[in-house]
Structure formats: structure tokens, C-alpha cells
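>
Numbering (full-length UniProt numbering), first residue to last: 1 to 306.
(1) If you draw a straight line from the C-alpha of residue 83 to the C-alpha of residue 153, how long is it?
(2) What's the C-alpha gap between residue 103 and residue 156?
(3) Taking C-alpha atoms, which residue in 213, 70 and 186 lies nearest to residue 148?
(4) Residues bridged to residue 246 by DSSP?
(5) Going by alpha carbons, who is nearest to residue 101 out of 44, 119 and 142?
(6) Throw me the rounded Cβ distance for the residue 295 and residue 224 pair, which I believe falls under 8 Å.
(7) Buried or exposed: which applies to residue 232, given that a residue is buried once 16 or more other Cβ atoms fall within 10 Å of its Cβ?
(8) For residue 38, which of 286, 299, 245 and 172 has the nearest alpha-carbon?
(9) Find the nearest neighbour of residue 239 within the set 211, 209, 134 and 276, judged by alpha-carbon distance.
(10) Could you give the residue range of the alpha helix (DSSP H) that holds residue 194?
(11) By the DSSP assignment, the beta strand (DSSP E) with residue 271 in it spans what residues?
(12) Taking just the CA atoms, how far does residue 127 sit from residue 7?
(13) If you draw a straight line from the C-alpha of residue 108 to the C-alpha of residue 176, how long is it?
(14) Mapping the DSSP letters down to three states, classify residue 134 as helix, strand or coil.
(15) For residue 122 and residue 198, I'd like the C-alpha separation in whole angstroms.
(16) Where does residue 19 fall in DSSP's three states?
(17) Residue 116 to residue 166, Cα distance in whole Å?
(18) Who are the near neighbours of residue 174 in its chain, counting only those whose CB is closer than 7 Å to its CB and skipping five residues on each side?
(19) Please name the residue, chosen from 113, 130 and 138, that lies closest to residue 79 on a Cα-to-Cα basis.
(20) What are the partner residues of residue 4, as DSSP defines its beta bridges?
(21) Kindly indicate which residue of 188, 35, 236 and 134 has the alpha-carbon position closest to the one of residue 206.
(22) Take the Cβ of residue 203 as the centre, count every other Cβ of all protein chains shown within 10 Å, and call the residue buried at 16 or more, exposed below.
(23) Hey, quick one: how far does the alpha helix (DSSP H) through residue 172 stretch, first residue to last?
(24) Suppose only complete runs of 4+ residues qualify. What are the alpha helix (DSSP H) ranges in the segment 119 to 164, listed by chain order?
So this is what it looks like as C-alpha cells:
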């Protein structure tokens, strides 16, 4: 049975949940007010300093607005040397917070890197921009170790988030990390915008990874801007500055077909509207994150009946 909960994410409000920086000027309380006003059921949270440090205070703030905690995004240097223990320590504090809120999934991604940010959207098909075989194996092993920790100590499922500007961006790279990890341990957080940006077909990916998609990030992409990015090989940070990601239904993603597949598969879980709005409030003083969030929520409700 198809059953989804629609949530928002701090980055839609110009807050980087994994870095703690924000340029919007919003407090966490103002952001939560906006999320509730725009019609969402919950939000992703973090331990980065933007949200209250005390879990009980955060619970109170969420409950006052009838919002739920959905998950948290944790970026790790998956393919790098340096030992596993420091990475597990980073994950544990986030996992403990999620367990407190009885959350089901934790989101793990690779770190962005200068090299991959430069070639985002134009990654070489021959693998020359990617990890070595040794780095791939290290990344898979690390991901499985994190997933084991989260399952055994915190009763959390781990979903891997592919991302532009990281070493897992293209469809081939997503396929490789999925093939190298245990399907019982590691699921997929399919991100419609990043998958399309990386050259993939979102509808086909939804079919391909039907059993691995345990969590969803949905965003749209302006087609003309993406064409320019690929043609001119524009850096990912500049693409963010171009506001490459659009409100749902305004860009290139075929959301009706995407939702048809999800309904057929009986997807159940969170669907987070995550429109990367990095620095947008500074570039465009007239931009309203509440209105942007409401437009996407209205599209889901009015056009797609969710």
C-alpha cells in the first residue's frame, strides 16, 4: 500500500544541516513555523548547533507544531584512509538523537570534494574522475560498518544518499555502491534532483532499486540551467548560486510517472521535499522560503494527490 509522510529539510530554508551554517537569518523556531504553515508533517533534524542541543526541548518545539522528526543527513569521507573509529563516533551522536525520536532511518552520504565539485554534472564515463578500486572497497566497508552499528545499537536502518559533487553521483556509481553493499544492511535514499543532475533517469532508477529505496528526497531541476551547467562545465557551487533546483513541477523531472511507479511498488515512508537553496536568501532578498515550500507542497497535493 502506497503511504507517504511529506517532510521538509533545513537546506530548503537556506540552512545546511550537515555544516551548521545558515544565511537565511531564520531561527530554528521560525523555520519550524514555516514548515508547519506550508503543510508539512515533519523535518529532518541535526546535531550541528542550529537545532536545540537538548533533545527534550527539540521534542517540545516539534510537538507544539504537530511536526515529527524524519531523519538526519551525515556526510562522511567514505573512501579515505584514516580509520573507522572516528567516523563511527561522528555517526553515534546523530544516531542517538534519532533513536530518541524513534526515527526509522539515518542518511549517510559521502563528503563533497573539490575535485568532484568541479566536474559535477560532467563526470567522465571511463571512471577517471572516480575512486580507485581500493577506495571503492573502503567506502563499501565503511558504509556497512556504519549500517551495522546503527542497526545493532540504535535500531536504525541506513540509507545511502548519492550526491552531486561526491564520488557517488552518476547512475554507474550509484549502481556500484549498491552492488558492493549488503541489501539487508544498506538501502537507498533516492534523490530525484541529484540523480537527474548526474545523468540518470529517475523513473528507471525507481524501478531498478525498488527493494532498496527506503527513503526519498525529492527536488526538481531547471532544464535550461542544467543544460548550461553541462555545456559550460560549471562548478557545482556556481550551479547552486544559479538556483539550479526548482520547486516541484516546474522543472525537468517527470513526477507523475515517478509517482505512478511508487504507487505500483507500494512505497511506504518519508518523502522529503529538499530544494537546495544554498545562499539564496542573500542573492534574492525577495525570495520567500515559506512560499517556495508551499508551492512544492501544493503541487504534491493538488496535482499528485499526496
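Think of the CB as a built atom: it goes at the ideal place given N, C-alpha and C, for glycine as much as any other residue. The structure displayed is predicted, hence computed values, not measured ones.
The short version:
(1) Indexing the chain shown from 1 puts residue 83 at position 83. Indexing the chain shown from 1 puts residue 153 at position 153. Distance between the alpha carbons of residue 83 and residue 153: 20 Å.
(2) Position 103 of the chain shown, counting from 1, holds the residue named residue 103. Position 156 of the chain shown, counting from 1, holds the residue named residue 156. Rounded to whole angstroms, residue 103 to residue 156 spans 7 Å at the Cα level.
(3) Within the chain shown, numbered from 1, the residue matching residue 148 stands at position 148. Among 213, 70 and 186, the Cα nearest to that of residue 148 is on 186.
(4) Counted from its first residue, the chain shown places residue 246 at position 246. Partner(s): 220.
(5) Taking the first residue of the chain shown as position 1, residue 101 is located at position 101. The candidate whose alpha carbon is nearest that of residue 101 is 44.
(6) Here residue 295 is taken as the residue at index 295 of the chain shown, counted from 1. Here residue 224 is taken as the residue at index 224 of the chain shown, counted from 1. Between residue 224 and residue 295 the Cβ distance is about 19 Å, and since that is not below 8 Å, they are no contact.
(7) Within the chain shown, residue 232 is the residue found at index 232, counting from 1. So residue 232 ends up on the exposed side.
(8) What you label residue 38 is simply residue 38 of the chain shown in a count that begins at 1. Residue 299 is the option with its Cα nearest to residue 38.
(9) Indexing the chain shown from 1 puts residue 239 at position 239. Looking from the CA of residue 239, the closest CA among 211, 209, 134 and 276 belongs to 276.
(10) Taking the first residue of the chain shown as position 1, residue 194 is located at position 194. Looking at the DSSP string, the run of the alpha helix (DSSP H) that includes residue 194 is 192 to 197.
(11) By 1-based counting over the chain shown, the position of residue 271 is 271. Start and end: 268 to 273.
(12) The count along the chain shown starts at 1 and reaches residue 7 at position 7. The count along the chain shown starts at 1 and reaches residue 127 at position 127. So the alpha carbons of these two residues sit roughly 35 Å apart.
(13) Translated into positions along the chain shown, residue 108 becomes position 108. Translated into positions along the chain shown, residue 176 becomes position 176. If you take the alpha carbons of residue 108 and residue 176, they lie about 16 Å apart.
(14) Indexing the chain shown from 1 puts residue 134 at position 134. Of the three classes helix, strand and coil, the one that applies to residue 134 here is helix, per DSSP.
(15) On the chain shown, residue 122 is found 122 positions in, with the first residue counted as 1. On the chain shown, residue 198 is found 198 positions in, with the first residue counted as 1. Their Cα atoms are separated by approximately 8 Å.
(16) As a working mapping, residue 19 is identified with position 19 in the chain shown. Any reading at residue 19 must be qualified, since the residue scores a pLDDT of 49, below 50, and its modelled position is unreliable; no value is offered.
(17) As a working mapping, residue 116 is identified with position 116 in the chain shown. As a working mapping, residue 166 is identified with position 166 in the chain shown. About 6 Å.
(18) Along the chain shown, read from residue 1 onward, the residue named residue 174 stands at position 174. The residues are 162 and 168.
(19) Numbered from 1 along the chain shown, position 79 holds the residue referred to as residue 79. The option with the nearest alpha carbon to residue 79 is 138.
(20) Counting from one through the chain shown, the residue named residue 4 turns up at place 4. DSSP, once it has assigned bridges, lists 269 as partnering residue 4.
(21) In the chain shown, residue 206 corresponds to position 206, counting from 1. Answer by Cα proximity: 188.
(22) Position 203 of the chain shown holds residue 203. Result: buried.
(23) If you number the chain shown from 1, residue 172 lands on position 172. Membership of residue 172 in the alpha helix (DSSP H) is indicated by the continuous run 171 to 180.
(24) The segment 119 to 164 is shown to contain whole alpha helix (DSSP H) runs of 4 or more residues at 133 to 154, in chain order.
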